[in-house]
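Student: The structure under discussion is supplied below as structure tokens; questions concerning it will follow.
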Amino acid sequence: MATRWTNEQLAAIETRGCNLLVAAAAGSGKTAVLVERIIRIITDENNPVDIDRLLVVTFTSAAASEMRERIGDAISKNLEKNPNSKVLQRQLALINRSNITTMHSFCLDVIKNNFHLIDLDPNFRIGDATECTLLKADILDDLFEDEYNKSEKMFLRLIEAFGGSKDDNKIKDLILDLYNFSMSGPFPEEWLIEKAEELNINTVEDLEKTKWTEVLKQSIEIEIYSFAKNLEIALDICENTGGLEPYCENFRDDLNQIENIKIALAGSLNDIYNSVGSFNPSKLKTVKKKEVEDLEAQEKVKAIRDEVKKKIKALNGDVFSTSLEEAVHGTLYMYPQIKYLVGLVIEFKARYESKKKEKGILDFNDLEHNCLKILIDRDEENHIIPSKVAMTFKEKFEEVLVDEYQDSNNVQETIVNMVSRKLDDRPNVFMVGDVKQSIYRFRQAKPELFLDKYNRYSQNDGDINRKIMLYKNFRSRSEVIEGVNYIFKTVMSKTVGELEYDEREELNLGADFKKVDSDNVFITSDEEGKKIQTAGDVELHILDKNGEEEAKELDGDEVNDANEEEELDAIQLEARIVAKRIKELTSRDSDSVYMVWDKGLEKYRRVKFKDIVILLRATKNWSEIFTEELGLKGIPVYADTGTGYFETTEIRTIMSILHIVDNPMQDIHILATLRSPIFDFSVENLSDLRLIDKKKYFYEIIVNICKGEYDDIVSEELKTKSIYFKEALDKWREKSLYTPVDEFIWYLYSDTSYLGYVAAMPNGIQRQANLRILFQRAKQYEQTSFKGLFNFINFINKLKKSSGDLGSAKVLGENEDVVRIMSIHKSKGLEFPVVFLSGCGKQFNLMDLNNDILYHEELGIGTDCVDIERRIRYGTLAKHAIKKKFKLETLSEEMRILYVAFTRAKEKLIITGATTNLERSCKTWSRAASLGDETIPPSEVLKAKSYLDWIGMSLAKHTNGEAIRDIGGVDIKLNNKNLSTWLIKFWNKSNVFVDEIKETVDEIQNKKLLTEEIAVDIDEEIEKRLNFEYKFKESTMLPSNISVSDLKKEAYEENDGETYNLFRGETLRKPRFLQEEKGLSSAERGTIIHFMMQKVDFDKISSVNEIKMQINQMIEFELLTEEEAKVINPWKIKKFFESNLGKRLLRAHKEGKELYRELPFFTEIESTRVNKELKDEIYKDEKLRLQGVIDCFFEEDDGIVLLDYKTDYVELDKIEEILEKYKIQINLYTETIEKITGKKVKEKWLYLFYIDKDVIYE
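Per the numbering used here: the sequence shown = residues 136 to 1393.
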């Protein structure tokens, strides 16, 4: 059946003799139009054009292949109808010579055919991305070494201003970023020099003339509009609320000052500075509380005023934080540094090009730039003109057709201009795309190129530059289309989105979804036919991360353990909401049967898992959790994440083997290899290896085992395994010396049978595919200029670092019945019956705005002024302008990404997102919605931090948005013109969990009959297992480590009638600065005395002055603080050494006897001594680790003397109590000393510093 084209499509197909821009909305059939245009051009019976005289540029190789195939099929079908057509036969013969290609492939062809014009080796190859990354790193290292040798002043200032604290990586990355950015333009060196020169500002007048000033004015204008709108609303509330009339004067005065700023925006920078700086809101008038009719209204107007004051204060503290003169000085101060930085980038570019030429390689940037070199010449005035090669192309190509034109950049635009007649009197360029789907600005795509023509080209027949708009959507149902139109009409504008989403841009229904009837439904039963549901409202599910509700009772049974549910994070909860909704859509037991239209069957059928996609803005961290949660619910799922490859078991195992083949002295990799199934060393085997010699590498130990050095302590099993490993490793190491890496890896797979082994593991096909991908990457590596295993390992490490982790090998078939998870970017060009757009609460990534240096194609280079001499840093006007512009462009890009996500849905769109505080969010959305009539003001759209904010503020104006308005509490003028229907549902942690409990209860009821039939013996076994009690249960309650002080304290407090719990949890103590007592505690004082007794020099204690000198030295060496030193009384230290015990200690020191001070120890103690309630027969062999520090002990001829210092408060008549208090501690010390030394402790002493007395235990 012939395709029925719309009038607009037909015009796009048939219009000739002009530059034609086709603005094709999502789902409007632009690819079909492009193919049909080509077919009609090449099959025109009156004036046929050979297909090889058309240049068709597509965005991807896959798109080019698909287009070539579709054109070939169309020609073949026409030949079947008209087999004698010479035209069709000729076109079919020429199809393989057609120029249907990507821009890079076209550039490559131009270079291959004209290499001699740019002095290029004809044997060049395209360098691997990682190879080029390694080359760049080497060149940067050499460049920096040369710069350090020269020690130029500007280089050193650059390093000090923007270098890292530890290394130069930060500024190296800066050079690479600036290089990569500049290469997106046609003439990178010219751009760099020009933009550096723009910083050469000498006067305020020069500053006025810059593009930065214009951008700042536009940005401030948007903000000022927002301030004025908010103040007008507040004034209106004051005028209409009894008791608030006195506030009116304040708000009128504020509005007058805002009006002055608006007027100043039309003037000079100085006017703006003065008007913003002079904003001075008057003190709010006093109102009598009892006369105020609406206290909430009063709080609202005060909040509005406070926010305006805060925002203008922020403006003064940001853009206007410095004077104009200082702004000029800062820009000029940074000029020589940025000029030097640009010089480094240009030098890096030259060295990189030289190195590539030496190695005979090109990178992807070179393809476009070398092609440009071939296609352009310069005239006498240095203007760009087409070269002879370009002129040949101009004559050859009858038409140049560019697909996805919204994603072109300036280099590609220049190439198209050179090979086409776009700028001549016989224009021949056809451009098709949708600027609302331009989502590759991070690759330096320039939607402005599309927008410029969109705004300039006319819709009139016969004009040399024409545009045609395809606005009918043949993909989606009306419910989806109306939902898309409503959201983007409300929030998309020239400010945010770079396009007004009006009647010209909105989607129009073009798809014909038939009504459900008995003839077009694929059902299995009459009962199923009664429950059919299709399409439905667009759904918004909002998770309140802070919302908590108590679990409810279900059917009289209390929901147990609700409070013990694990602490789920927001991503898990959102994934569970999605899983629940998927189960509802696909379940055969639900109240409705959801059906979708199947083009193949031409009938409605049940929705399948493969009909569903979950789109995420970024898949990192999210896709893994979604995959796990959906898997737990029994939903088959596949995540095209682009991560996880290098973390898979099979890749880690082979990489570990490669590491030890290169260098076996790597314990981590050798352990991974030994533990793998290839060698099957057990944990016990590895422990035995380590215990043989803790200082040697594992490889050294294995070598010695093989030599028989440890035969007396090594088991036969371990020796056999070690010999097998050593022989295999020796064989591999020898083979690696002469075998290419890719062949060596395949040899490893074969020699170890590992490729076959992983096939038997879970997900074996995927694992085998991953190993094959490693082999393919090794093959790519062998084609680079690097060789050898060591370099391959570095190659892979750099690949991980530069590209991030790679996705696992793709083994999923197109018809696999699984839910797919993918990023929005990867979904572009695809369509799905049911789309879940999740993670909408995730905040926009604006981290790049915080970089030290920002760059923009039009605005140039913006930097902080880092004044080395004055040690200050502040943003220059250029940086402020670029920052403002970046934010606008980033949010516009995010708006378009959201549009792409919405328009993937054919039949059902479900949106999910989480917010930290639902009440606060609803109030913010409602207030934003109250400021506009049918749309949200751009100033409010700019305040959004996530997709959910945009959707929420839009729906606050929608008739179905009462749930948001009820919480928001703001009067909003509703948009009653829209036709979209929405279902909004709020969730919190509790009701997500309660819904899951309901499902579980239902499952239990369904299985109850089966449970009752279980055999009695199985019941008994279950009861036995569930009632099992661990024999050593009490051991699990004991601490594994206990101190002598703990035992002493427990014993003392038990005797004192109190209980000290050895097993209690940690308690939190107030930090010192919060405690009322600021001095040292008693425990700290005691520690200081002990420290002094440990460190005091026994040879310098003959006088108090000598002791004081030692204390002062400890302060000088920062062993003590002055405050701590005050605790030590040198007289008391002297008195100790004058005591009988002190003299004995000094004698032992002089005679060189054994003498230990502050000796830490660890030993074992029976658990029954710690807990007297433990049964001896069970716990007699249970030991605990006992730790402590012995103050001092020394040896005399007939035994050891133990000495313990005490600083407690003591009364002379209560010495016996002190002896009793420390009895257990001293006894434990005694046992420990005797165990350590094997000698008898003959005396045990306490020295009481408080009363300067030594006492002995009898």
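Note that the Cβ used here is the ideal one computed from N, Cα and C, for glycine as well.
#1: Short check: CB of Ser417 to CB of Asp441, under 8 Å?
#2: Buried or exposed: where does His1225 fall if 16 or more other Cβ atoms within 10 Å of its Cβ makes it buried?
#3: Could you spell out the range, first to last residue, of the alpha helix (DSSP H) harbouring Glu1331?
#4: When the Cα of Ile550 is compared with those of Glu917, Val245, Val1239, which residue comes out closest?
#5: Using DSSP with H/G/I as helix, E/B as strand and the rest coil, what is Val1345?
#6: Who does Cys1000 pair with in a DSSP beta bridge?
#7: Considering just the uninterrupted stretch of the alpha helix (DSSP H) at Lys247, what are its terminal residues?
#8: Quick one: what's got a C-beta closer than 7 Å to Asp406's C-beta in the same chain, skipping five residues either side?
#9: When you compare the region 497 to 505 with the region 227 to 240, are there three or more beta-carbon pairs, one atom per stretch, that lie closer than 8 Å?
#10: Hey, Leu1321 and Val1179 are a contact pair by Cβ (cut 8 Å); roughly how many whole angstroms apart?
#11: Check whether the Cβ atoms of Ala525 and Arg612 lie closer than 8 Å to each other.
#12: Give a yes or no on whether the C-beta atoms belonging to Tyr314 and Phe483 are separated by under 8 Å.
#13: Let's see if you can read the secondary structure: which residues bound the beta strand (DSSP E) around Thr1365?
#14: Please state the DSSP three-state secondary structure of Arg175.
#15: Of all the options Val953, Tyr621, Ile931, which has the alpha carbon lying nearest to the alpha carbon of Val748?
#16: Any idea if Arg139 is buried or exposed, counting beta-carbon neighbours within 10 angstroms, 16 or more meaning buried?
#17: What residues are listed by DSSP as bridge partners for His676?
#18: So, is Leu909 buried or exposed, given that buried needs 16 or more other C-beta atoms within 10 angstroms?
#19: State the beta-bridge partners of Arg740 as determined by DSSP.
#20: Using the rule of at least 16 other Cβ atoms within 10 Å of the residue's Cβ for burial, across every protein chain shown, is Ile274 buried or exposed?
#21: Measuring alpha carbon to alpha carbon, tell me which residue in Ala580, Glu1257, Glu1042 is nearest Glu548.
#22: Considering Cα atoms alone, identify which of Glu1029, Glu993, Lys1285 is closest to Gly320.
#23: Within this structure, are the beta carbons of His676 and Lys1120 separated by less than 8 Å?
#24: I believe Arg132 touches Val728 by the beta-carbon criterion, under 8 Å. Please report the beta-carbon distance rounded to the nearest angstrom.
#25: Between Thr1303 and Lys1341, what straight-line distance do the alpha-carbon atoms span, to the nearest angstrom?
#26: DSSP beta-bridge partners for Ser628?
#27: When the distance is taken between beta carbons, is Asp559 closer than 8 Å to Val192?
#28: Mind checking whether Arg203 and Ser233 have CB atoms under 8 Å apart?
#29: In three-state terms, what does DSSP make of Asp1101?
#30: Going by alpha carbons, who is nearest to Ser1125 out of Ile396, Gly976, Lys680?
#31: What three-state label does DSSP hand Leu1294 in the structure shown?
#32: Quick check: is any heavy atom of the ligand FAD less than 7 Å from the C-beta of Leu419?
#33: Do Tyr1382 and Ile1361 have their C-beta atoms within less than 8 Å of each other?
#34: Grab me the residues of Ile880's own chain with a C-beta within less than 8 Å of its C-beta, minus the 5 sequence neighbours each way, in chain order.
#35: What is the DSSP secondary structure of Phe499, counted as helix, strand or coil?
#36: For Ser211 and Phe577, I'd like the C-alpha separation in whole angstroms.
Tutor: On the basis of the data shown:
#1: Taking the first residue of the sequence shown as 1, we reach residue 417 at position 282. Taking the first residue of the sequence shown as 1, we reach residue 441 at position 306. Cβ distance not < 8 Å, so Ser417 and Asp441 don't count as in contact.
#2: The residue you call residue 1225 lines up with position 1090 of the sequence shown. With 16 or more other Cβ atoms inside 10 Å of its own Cβ, His1225 counts as buried.
#3: Numbered from its first residue, the sequence shown carries residue 1331 at position 1196. No alpha helix (DSSP H) contains Glu1331, which is instead part of the beta strand (DSSP E) from 1318 to 1331.
#4: The residue labelled residue 550 in the question sits at position 415 within the sequence shown. The shortest C-alpha separation from Ile550 is found at Val245.
#5: In the sequence shown, counting from the first residue as 1, residue 1345 sits at position 1210. Secondary structure of Val1345 (DSSP, three-state): coil.
#6: For the purposes of this step, residue 1000 is taken as residue 865 along the sequence shown, with counting starting at 1. According to DSSP, Cys1000 bridges with Tyr1009.
#7: As a working note, residue 247 is residue 112 in the sequence shown. DSSP places Lys247 inside the alpha helix (DSSP H), whose first and last residues are 238 to 248.
#8: On the sequence shown, residue 406 is found 271 positions in, with the first residue counted as 1. Only Ala399 meet the Cβ criterion.
#9: Counting Cβ pairs under 8 Å, three or more are found: they touch.
#10: Here the question's residue 1321 lines up with position 1186 in the sequence shown. Here the question's residue 1179 lines up with position 1044 in the sequence shown. That belief holds up - the Cβ atoms of Leu1321 and Val1179 are roughly 7 Å apart, short of 8 Å.
#11: On the sequence shown, position 390 is the one that residue 525 refers to. On the sequence shown, position 477 is the one that residue 612 refers to. The beta carbons of Ala525 and Arg612 sit no closer together than 8 Å.
#12: Translated into positions along the sequence shown, residue 314 becomes position 179. Translated into positions along the sequence shown, residue 483 becomes position 348. Going by C-beta atoms, Tyr314 is nearer than 8 Å to Phe483.
#13: Position 1230 of the sequence shown, counting from 1, holds the residue named residue 1365. Careful: Thr1365 lies outside any beta strand (DSSP E), inside the alpha helix (DSSP H) at 1358 to 1372.
#14: Residue numbering aside, residue 175 sits at position 40 when the sequence shown is read from its first letter. Arg175: helix per DSSP, three-state reduction.
#15: For the purposes of this step, residue 748 is identified with residue 613 of the sequence shown, where counting begins at 1. Minimum Cα distance to Val748 is reached at Val953.
#16: The residue labelled residue 139 in the question sits at position 4 within the sequence shown. Arg139 should be labelled exposed.
#17: As a working note, residue 676 is residue 541 in the sequence shown. DSSP lists Thr1047, Lys1120 as partners of His676.
#18: Your numbering for residue 909 matches position 774 in the sequence shown. Buried is the call here.
#19: Residue 740 sits at position 605 when you count from the first residue of the sequence shown. DSSP, once it has assigned bridges, lists Val731 as partnering Arg740.
#20: For the purposes of this step, residue 274 is taken as the residue at position 139 of the sequence shown. It counts as buried.
#21: For the purposes of this step, residue 548 is taken as the residue at position 413 of the sequence shown. Of the listed residues, the one whose Cα sits closest to Glu548 is Ala580.
#22: Locating residue 320 in the sequence shown gives position 185, where the first residue counts as 1. Of the listed residues, the one whose Cα sits closest to Gly320 is Glu993.
#23: What you label residue 676 is simply residue 541 of the sequence shown in a count that begins at 1. What you label residue 1120 is simply residue 985 of the sequence shown in a count that begins at 1. A contact, by the Cβ cut-off of 8 Å.
#24: Limits of the chain in this structure are 136 at one end and 1393 at the other, which puts residue 132 out of reach.
#25: Here residue 1303 is taken as the residue at index 1168 of the sequence shown, counted from 1. Here residue 1341 is taken as the residue at index 1206 of the sequence shown, counted from 1. The straight-line gap from Cα to Cα measures roughly 29 Å.
#26: What you label residue 628 is simply residue 493 of the sequence shown in a count that begins at 1. DSSP lists Gly632 as partners of Ser628.
#27: As a first step, residue 192 must be located in the sequence shown, where it is residue number 57. As a first step, residue 559 must be located in the sequence shown, where it is residue number 424. No, the pair does not count as a contact, with Cβ atoms beyond the cut-off.
#28: Within the sequence shown, the letter at position 68 stands for residue 203. Within the sequence shown, the letter at position 98 stands for residue 233. Yes, Cβ-Cβ distance for Arg203 and Ser233 is below 8 Å.
#29: Indexing the sequence shown from 1 puts residue 1101 at position 966. DSSP places Asp1101 in helix when its eight states are reduced to three.
#30: By 1-based counting over the sequence shown, the position of residue 1125 is 990. The shortest Cα separation from Ser1125 among Ile396, Gly976, Lys680 belongs to Lys680.
#31: The residue given as residue 1294 occupies position 1159 in the sequence shown. DSSP places Leu1294 in strand when its eight states are reduced to three.
#32: In the structure shown, the ligand FAD is absent, as is every other ligand, since no ligand is present at all.
#33: Reading the sequence shown from its first residue, position 1247 is the one you call residue 1382. Reading the sequence shown from its first residue, position 1226 is the one you call residue 1361. No, Cβ-Cβ distance for Tyr1382 and Ile1361 is not below 8 Å.
#34: Here residue 880 refers to the residue found at position 745 of the sequence shown. If we look at Ile880 and ignore the five residues flanking it on each side, its Cβ neighbours are Ile789, Leu793, Leu909, Phe910, Ala913.
#35: Start at 1 with the first residue of the sequence shown, and residue 499 comes out as number 364. Of the three classes helix, strand and coil, the one that applies to Phe499 here is helix, per DSSP.
#36: The residue labelled residue 211 in the question sits at position 76 within the sequence shown. The residue labelled residue 577 in the question sits at position 442 within the sequence shown. Their backbone Cα atoms lie some 41 Å apart in a straight line.
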